[in-house]
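Spelled out as structure tokens, the structure:
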């Protein structure tokens, strides 16, 4: 089946930049990898520097391109990505197309000085924490503050609790995270990059919340802060007990 084109929709391809934020090893790159390739690597790799990926999404009668900036990659062996990696992908949603551009940068403290410049022109900030690591959840407030310092309210922010496949090791309840998202006035969802749970839903909801993509959105842009239903059945994992998941 042929892919819809911008000419068919009568709209130019719209590009949007997404920046992924969060502590090291929460699974930012893993979410991107699952989204881009529908794969998961059981080895761990740390991102050093900045990785940039892009993807196009088709939404009803529009085409949008997103840019995503991330921190960390996915792998159970510790390796490092140095410099900048770029990926781009098109998403087709109903009769619209969006182009997503994803950027992946390092989560280590020494690279924090790089973050503001990449947040500055982003459309979406995805703040990721590990549901089995309470400290990573507590630190989400500083990432949200960083985004708001650079972008004010002119950005969509999504709080993502990753690693639901490790639910038996959970340190942050869904209810607590939902409450924090409401306090931040941001979107919220739980995912598992490893099992693929809610990953497609995450990006679809982001695409639908982009400026001009939500037909029912108000002029105030409130579409960017809708809560996402995360009550779906938890993802099941076939990993053996004792495996060290970095998803």
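Residue numbers (full-length UniProt numbering): 1 to 247. Quick reminder that beta carbons are idealized off the backbone N, C-alpha and C, glycines included. Keep in mind the model is a prediction, meaning the values are calculated, not measured.
How far does the alpha helix (DSSP H) with residue 203 in it reach, from first residue to last? 199-209
Nearest residue (CA-CA) to residue 40, options 165, 115 and 92: 165
Flag residue 119 as yes if its beta-carbon sits less than 8 Å from any beta-carbon of chain B, otherwise no. The displayed structure is made up of one protein chain only, and chain B is not part of it.
Using 8 Å as the threshold, is the C-beta distance between residue 174 and residue 190 below it? yes
Could you check if residue 120 is buried or exposed, using at least 16 other CB atoms within 10 Å of its CB as the buried criterion? exposed
Sequence-distant residues of its chain with Cβ nearer than 8 Å to residue 135 (five each side left out): 23
Stretch pair the segment 18-37 + the segment 136-154: three plus CB contacts closer than 8 Å: yes
Ranges of the alpha helix (DSSP H) found wholly within the segment 134-200, counting only runs of at least 4: 134-138, 140-151 and 174-184
Residues bridged to residue 92 by DSSP? 97
Exposed unless 16 or more other CB atoms sit within 10 angstroms - verdict on residue 27: buried
Residue 130 burial status per 10 Å Cβ neighbour count (16 or more: buried): buried
Assign residue 14 to one of three DSSP states: helix, strand, or coil. strand
Starting from residue 119 and walking both ways along the alpha helix (DSSP H), at which residues does that stretch end? 115-119
In the structure shown, what three-state DSSP assignment does residue 40 receive? coil
What are the boundary residues of the beta strand (DSSP E) that residue 124 is part of? 124-130
Nearest-angstrom beta carbon gap, residue 98 and residue 210 [assumed within contact, 8 Å]: 7 Å
Starting from the Cα of residue 104, find the closest Cα among 33, 157 and 143 and give me that residue. 33
Euclidean distance between Cα positions of residue 205 and residue 197: 14 Å
Report buried or exposed for residue 183, applying the criterion of at least 16 other Cβ atoms within 10 angstroms of its Cβ. exposed
Run the CB neighbour count on residue 162, radius 10 Å, all protein chains shown included, and call it buried at 16 or more, exposed below. buried
How would you call residue 15, buried or exposed, if buried means at least 16 neighbouring beta carbons within 10 angstroms? buried
Apart from the five residues on each side of it in sequence, which residues of its chain come closer than 6 Å, Cβ to Cβ, to residue 203? 35
Residue 143 and residue 127 - do their beta-carbons sit closer together than 8 Å? yes
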